[in-house]
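Using the working numbering, the letters of the sequence shown map in sequence onto residues 104 to 352.
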Amino acid sequence: MVKKKKKIVLCSIIAILLLMLLAVVYFFQFTPDGYRMSVPYRNSFVKISENIYVNNGYSGNTDDIIRVTDDAVTRDTEFFGEMQYAEDTIIVFCDDKQLLSKLGGDHDTKTLLFPSKKNYIVISDEFCNADILAHELTHAELHTRLNKKALKNIPPWFDEGLAMQNDYREQYSQEVWKEKTNNGKNAIPLEEMDTPAEFYAGTSDDRRFRYVNAKHEVSEWMEIHGQNGLLELFDNLNDGEDFNIAYKN
Numbered sequence: 104m105v106k107k108k109k110k111i112v113l114c115s116i117i118a119i120l121l122l123m124l125l126a127v128v129y130f131f132q133f134t135p136d137g138y139r140m141s142v143p144y145r146n147s148f149v150k151i152s153e154n155i156y157v158n159n160g161y162s163g164n165t166d167d168i169i170r171v172t173d174d175a176v177t178r179d180t181e182f183f184g185e186m187q188y189a190e191d192t193i194i195v196f197c198d199d200k201q202l203l204s205k206l207g208g209d210h211d212t213k214t215l216l217f218p219s220k221k222n223y224i225v226i227s228d229e230f231c232n233a234d235i236l237a238h239e240l241t242h243a244e245l246h247t248r249l250n251k252k253a254l255k256n257i258p259p260w261f262d263e264g265l266a267m268q269n270d271y272r273e274q275y276s277q278e279v280w281k282e283k284t285n286n287g288k289n290a291i292p293l294e295e296m297d298t299p300a301e302f303y304a305g306t307s308d309d310r311r312f313r314y315v316n317a318k319h320e321v322s323e324w325m326e327i328h329g330q331n332g333l334l335e336l337f338d339n340l341n342d343g344e345d346f347n348i349a350y351k352n
């Protein structure tokens with residue numbers, strides 16, 4: 104009887120361990136978050152710089168990748184004063200559609216908070232330019248500078264609006280904002296785009312309109328507060344101050 108119970112317990116432990124192993128394999132092999140986390144350990148990718156990876160067989164010029172990255176970093180350094188993102192960020196350039204589907208994006212930044220805060224930027228060859236990369240690096244820099252609690256509490260309009268400050272694409276310009284909002288009369292209220300479900304909802308045109316509004320809002324704030332005010336905002340958020348209070352001060 105005792106041996107039978109021990110056998111049942113042992114079988115249960117083995118079953119649990121197998122399920123845990125399967126869960127780990129599934130996460131790293133079949134989820135975008137897990138796949139991004141495991142890029143440095145995959146034979147499908149090769150490291151070309153301190154924190155930059157490309158897929159094996161990348162058809163583009165890796166020197167162009169370094170140049171575009173340097174241009175984007177220079178732009179963002181002027182905006183922030185200095186850059187702190189590097190140790191906490193991995194940038195993946197990829198022109199393989201199958202791998203891009205596994206990575207779950209072609210020009211975006213995902214920040215994973217477990218086991219430690221880490222930014223993963225994925226850029227396809229289609230979006231390999233200074234505007235896109237400066238945008239994504241701004242996300243990475245913001246997410247690096249904020250602690251986990253503060254990061255969870257910032258609204259997407261601020262996250263995206265700040266990134267848009269270093270993104271000079273014409274379709275998000277001040278002139279477009281004036282035209283699309285009738286010089287602000289039809290601007291979207293911030294409270295209508297302060298959750299991911301609200302901000303990223305609808306068609307690409309709907310989302311683009313929110314990006315335009317977010318860029319204008321943060322641009323107006325930056326005109327008043329400047330770089331020093333932005334850094335002070337980060338400090339206040341990291342000290343636990345509510346975002347809406349800290350932003351309005």
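Note that the Cβ used here is the ideal one computed from N, Cα and C, for glycine as well.
Continuous beta strand (DSSP E) assignments of at least 3 residues falling wholly in the region 174-227: Runs of the beta strand (DSSP E) inside the region 174-227: 192-197, 210-215 and 221-227.
Is Lys351 helix, strand or coil by DSSP? Numbered from 1 along the sequence shown, position 248 holds the residue referred to as residue 351. When DSSP states are grouped into helix, strand and coil, Lys351 belongs to the helix group.
So, with DSSP's three-state summary, where would you put Asn250? What you label residue 250 is simply residue 147 of the sequence shown in a count that begins at 1. Three-state result, Asn250: coil.
Inter-residue CB distance, Asn269 and Thr241 (contact presumed, cutoff 8 Å): In the sequence shown, counting from the first residue as 1, residue 269 sits at position 166. In the sequence shown, counting from the first residue as 1, residue 241 sits at position 138. Between Thr241 and Asn269 the Cβ distance is about 5 Å, and since that is below 8 Å, they are a contact.
Based on the DSSP output, what are the partners of Ile372 in its beta bridges? This structure cannot settle anything about residue 372, because the visible part of the chain is limited to 104 through 352.
Among the candidates Met267, Leu340 and Leu334, whose CA atom is the shortest distance from the CA of Glu320? Taking the first residue of the sequence shown as 1, we reach residue 320 at position 217. Among Met267, Leu340 and Leu334, the Cα nearest to that of Glu320 belongs to Met267.
Close Cβ partners of Phe337 (< 7 Å) along its chain, the five nearest in sequence each way excluded: Along the sequence shown, one-based indexing puts residue 337 at 234. Around Phe337: Arg248 and Leu249.
Using DSSP with H/G/I as helix, E/B as strand and the rest coil, what is Ile257? Position 154 of the sequence shown, counted from the first residue, corresponds to residue 257. Of the three classes helix, strand and coil, the one that applies to Ile257 here is coil, per DSSP.
Among Gly332, Met325 and Gln277, nearest to Phe312 - alpha-carbon criterion: Against the sequence shown, residue 312 aligns to sequence position 209. For Phe312, the nearest C-alpha among the options comes from Gln277.
Should Met123 be labelled buried (16 or more other beta-carbon atoms within 10 Å of its own) or exposed? Mapped onto the sequence shown, residue 123 falls at position 20. Only exposed fits Met123, as fewer than 16 other CB atoms lie within 10 angstroms of its CB.
If distances are taken between C-alpha atoms only, which option among Ile226, Lys205, Ser307 and Tyr314 comes closest to Pro292? Counting from one through the sequence shown, the residue named residue 292 turns up at place 189. Checking every option, the nearest Cα to that of Pro292 belongs to Tyr314.
For Asn154 and Thr168, the rounded distance between their alpha carbons: By 1-based counting over the sequence shown, the position of residue 168 is 65. By 1-based counting over the sequence shown, the position of residue 154 is 51. Here residue 168 is Ile; the residue named in the question, Thr, does not match the sequence. Looking at the two C-alpha atoms, the distance is approximately 12 Å.
Pull up the CB-CB distance for Lys213 and Asp136, whole angstroms please, since I reckon it's below 8 Å. Counting from 1 along the sequence shown, the entry for residue 213 is found at position 110. Counting from 1 along the sequence shown, the entry for residue 136 is found at position 33. With 8 Å as the limit, Lys213 and Asp136 qualify as a contact, their Cβ atoms being about 7 Å apart.
Taking only the alpha-carbon atoms, compute the straight-line gap between Gly287 and Ala317 and give it to the nearest angstrom. Walking along the sequence shown from the start, residue 287 turns up at place 184. Walking along the sequence shown from the start, residue 317 turns up at place 214. It is roughly 12 Å from the alpha-carbon of Gly287 to the alpha-carbon of Ala317.
Please tell me whether Phe133 and Met140 are closer than 8 Å, where the distance is taken between their beta carbons. Residue 133 sits at position 30 when you count from the first residue of the sequence shown. Residue 140 sits at position 37 when you count from the first residue of the sequence shown. Their beta carbons are not under 8 Å apart, which means Phe133 does not touch Met140 by this criterion.
Where Gly287 falls: helix, strand or coil (DSSP): Counted from its first residue, the sequence shown places residue 287 at position 184. Residue state, collapsed to three classes: coil.
In this structure, does DSSP put Thr306 in helix, strand or coil? Position 203 of the sequence shown holds residue 306. The answer is coil: DSSP assigns Thr306 none of H, G, I, E or B.
Beta carbon of Asp342 nearer than 8 Å to that of Glu244: Residue numbering aside, residue 342 sits at position 239 when the sequence shown is read from its first letter. Residue numbering aside, residue 244 sits at position 141 when the sequence shown is read from its first letter. No. Outside cutoff.
Let me make sure I understand the geometry here. Which of Phe183, Val157 and Asn352 has the alpha-carbon closest to that of Leu202? For the purposes of this step, residue 202 is taken as residue 99 along the sequence shown, with counting starting at 1. Checking every option, the nearest Cα to that of Leu202 belongs to Val157.
Identity of the residue in Gly264, Lys283 and Tyr271 nearest Glu323 by Cα: Locating residue 323 in the sequence shown gives position 220, where the first residue counts as 1. Nearest option by C-alpha distance: Gly264.
Of the listed residues Leu120, Phe230 and Tyr188, nearest to Gly163 (C-alpha basis): Along the sequence shown, read from residue 1 onward, the residue named residue 163 stands at position 60. Looking only at Leu120, Phe230 and Tyr188, the smallest Cα-Cα distance to Gly163 is reached by Phe230.
If you run the structure through DSSP and keep just helix, strand and coil, what is Arg145? One-based indexing of the sequence shown puts residue 145 at position 42. Three-state DSSP puts Arg145 in coil, outside helix and strand.
Taking C-alpha atoms, which residue in Phe217, Val149 and Ile224 lies nearest to Lys252? One-based indexing of the sequence shown puts residue 252 at position 149. With distances taken between Cα atoms, Lys252 lies closest to Phe217.
Quick check: what's the CA-CA separation for Ala175 versus Pro258? Counting from 1 along the sequence shown, the entry for residue 175 is found at position 72. Counting from 1 along the sequence shown, the entry for residue 258 is found at position 155. Pairing Ala175 with Pro258, the inter-Cα distance amounts to about 24 Å.
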